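Novice:
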Amino acid sequence: MGVSSIRCQNRIMKSTTKRQKPDFSKLALETIAVRAGTRRTAEYQEHSEAMFLTSSFCFESAELAADGFAHADQGFIYSRFTNPTVSMFQDRLAALEGGEACIATSSGMAAILTTAMAHLQAGDHVVCSRSVFGATIQLFSTILGRFGITTTYVDLADTKAWQAAVQENTKMFYLETPSNPLTDIADIKAISKIAKKAKALFAVDNCFCTPALQKPLSLGADVVIHSATKYLDGQGRVVGGAIVGSNDFVMGKVFPFVRTAGPTLSAFNAWVFLKGLETLELRIKHQEYNRSSCLTLRHRLKPASNPQYALAKRQQKAGGAILSFTLKGGKKAAFKLINQTKLCSITANLGDTRTTITHPATTTHCRVTPEARKLAGITDGLVRIAVGLENVTDLMNDLKGGLKAR
153 MGVSSIRCQN
163 RIMKSTTKRQ
173 KPDFSKLALE
183 TIAVRAGTRR
193 TAEYQEHSEA
203 MFLTSSFCFE
213 SAELAADGFA
223 HADQGFIYSR
233 FTNPTVSMFQ
243 DRLAALEGGE
253 ACIATSSGMA
263 AILTTAMAHL
273 QAGDHVVCSR
283 SVFGATIQLF
293 STILGRFGIT
303 TTYVDLADTK
313 AWQAAVQENT
323 KMFYLETPSN
333 PLTDIADIKA
343 ISKIAKKAKA
353 LFAVDNCFCT
363 PALQKPLSLG
373 ADVVIHSATK
383 YLDGQGRVVG
393 GAIVGSNDFV
403 MGKVFPFVRT
413 AGPTLSAFNA
423 WVFLKGLETL
433 ELRIKHQEYN
443 RSSCLTLRHR
453 LKPASNPQYA
463 LAKRQQKAGG
473 AILSFTLKGG
483 KKAAFKLINQ
493 TKLCSITANL
503 GDTRTTITHP
513 ATTTHCRVTP
523 EARKLAGITD
533 GLVRIAVGLE
543 NVTDLMNDLK
553 GGLKAR
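Residue 558, in my numbering, is where the sequence shown stops; the numbers in between run on with no holes.
#1: Should the segment 340 to 360 be called in touch with the segment 235 to 245, which here means at least 3 C-beta pairs below 8 Å?
#2: Can proline 415 and threonine 257 be called in contact, C-beta distance under 8 Å?
#3: So, for glutamine 242: in the same chain, excluding its five sequence neighbours on each side, which residues have a beta-carbon less than 6 Å away from its beta-carbon?
#4: Examine the Cβ distances between the segment 216 to 233 and the segment 374 to 381 and report whether three or more of them are shorter than 8 Å.
#5: Which ranges does the alpha helix (DSSP H) cover as unbroken runs of at least 4 residues, wholly within the segment 244 to 329, from first to last along the chain?
#6: Just verifying my parser: in three-state terms, what is the DSSP assignment at histidine 562?
#7: I'd like the list of long-range same chain contacts for proline 455, defined as Cβ closer than 6 Å, with 5 residues on each side in sequence excluded.
#8: According to DSSP, what are the bridge partners of alanine 538?
#9: Assuming phenylalanine 292 and valine 278 make a contact with CB atoms under 8 Å, what is their CB distance in whole Å?
#10: Looking at the structure shown, is alanine 394 part of a helix, part of a strand, or coil, going by DSSP?
#11: Out of Thr294, Leu353, Tyr441 and Gly388, which has the shortest C-alpha to C-alpha gap to glycine 428?
#12: Sorted by chain position, which residues of the same chain lie with C-beta nearer than 7 Å to asparagine 321's C-beta, five sequence neighbours on each side aside?
#13: Pull up the distance between the alpha-carbon of asparagine 399 and that of glutamate 252, whole angstroms please.
#14: Could you spell out the range, first to last residue, of the alpha helix (DSSP H) harbouring alanine 214?
#15: Do the CB positions of alanine 202 and threonine 193 come within less than 8 Å of each other?
#16: Please report the distance separating the alpha-carbon of valine 155 from that of leucine 434.
#17: Once the 5 residues before and after asparagine 482 are set aside, which same chain residues still bring their CB inside 8 Å of it?
#18: Which value, in whole angstroms, describes the spacing of the CA atoms of glutamine 273 and lysine 349?
#19: Residues in its own chain within less than 8 Å of cysteine 518 by CB, not counting five upstream and five downstream?
#20: Let me check understanding here. Comparing Cα to Cα, which of Tyr441, Gly540 and Leu426 lies closest to alanine 188?
Right under this line is the structure:
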């Protein structure tokens, strides 16, 4: 051991003053995003979060090992369900969302499945918005349907439809707001009241807004779902998901399922998400600015006003970075626009620093039946753009070039 290491250890061992942790409930989102959840090892006191790339953790005795396994939610024993790096990401995201606890998963779809499996059983009923990610519809209808769980799909914005869909066995409400890909808005507070009256768990996918723009728990949701793959990472690097809510639900129901079934987020991916969260506020603000500028293109296509604008203003800080519009000429016109762009990445992912463009009917919602797509408003002419961090003039020129080529 080198002299510097010995001095460092002596300095740590001699320290008798323990600094108090800040009360993150009283701090701004930007501060929470870079400070919350950080753990430091006693030996090295590293400033940046460490990656704990280990499958398991050791104990000083058999007795301590037995106690660790008996109280697995209170320590680290096996990285399938407890890992320090993953815990840091979970704690930080919970603080950002204003939740008591968070469990991270291997993907956003794993987060939805885990929530359903932790809460539902055969014979239960789900009310779900029609305006959700295509794979979510497949999960509820095809996979969960095989196990005797039924789902009724309703218009996202029609509060009366949510009430009318409630059955005696309704156990969960599920929606995205803004929705993918149309960016329709749900009245979270109004639907929350219906869910509570029905004694149903109310889960809200907050992927498009993130806690930087919207906090569903403060509006009455019980659970927040994330595809961390999108804006929480922000650079299209890794895949992951998260579930945020109360201690009773997250630690009492979700954690036991994850411990057994293992839809696990890796420590490396968790570390990447931690770094992504540090710049979340900055990225979202600039992407929102770029998206607002690009709206002028949409208005050039067809001047429009959004009847949900007032609702969005009440429950969101800003509109987000997704822009969707429908072109006359259907699939042919949409493909021509997409193919003529030079800067935009043709990919179904979103939330990246790079602007992405996609045709939902043949990508994200290709497994949804044509009838269901029509009911959800996903036409063959629909194009979805997730605005990135490029220079907005360059981006607008790229899209204008595609529009001229139609």
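Ideal Cβ placement from N, Cα and C applies to all residues, glycine included.
Everything numeric in this text was worked out from a predicted model, so none of it was measured.
Specialist: In brief:
#1: no
#2: yes
#3: If we look at glutamine 242 and ignore the five residues flanking it on each side, its Cβ neighbours are Cys254 and Ala256.
#4: no
#5: 260 to 271, 286 to 290 and 311 to 316
#6: What is shown of the chain runs 153 to 558, which leaves residue 562 out entirely.
#7: Here the model assigns proline 455 a pLDDT of 48, short of 50, so the residue's position is not dependable and the matter cannot be decided.
#8: In the DSSP secondary-structure assignment, alanine 538 is bridged to Ile474 and Thr508.
#9: 6 Å
#10: strand
#11: Just measuring C-alpha positions, the residue of Thr294, Leu353, Tyr441 and Gly388 sitting nearest glycine 428 is Gly388.
#12: Gly275, Asp276 and His277
#13: Inter-residue distance for asparagine 399 and glutamate 252 is about 6 Å (C-alpha atoms, whole angstroms).
#14: 214 to 222
#15: yes
#16: Low local confidence applies: a pLDDT of 42 at valine 155 is under 50, so the model's placement there is unreliable, with the coordinate-based value given in what follows. If I take the Cα positions, the gap works out to 41 Å.
#17: Checking the sequence, you will find glycine at residue 482 rather than asparagine. Answer for glycine 482: Thr531, Asp532 and Gly533, listed in chain order.
#18: 20 Å
#19: Gly286
#20: Leu426
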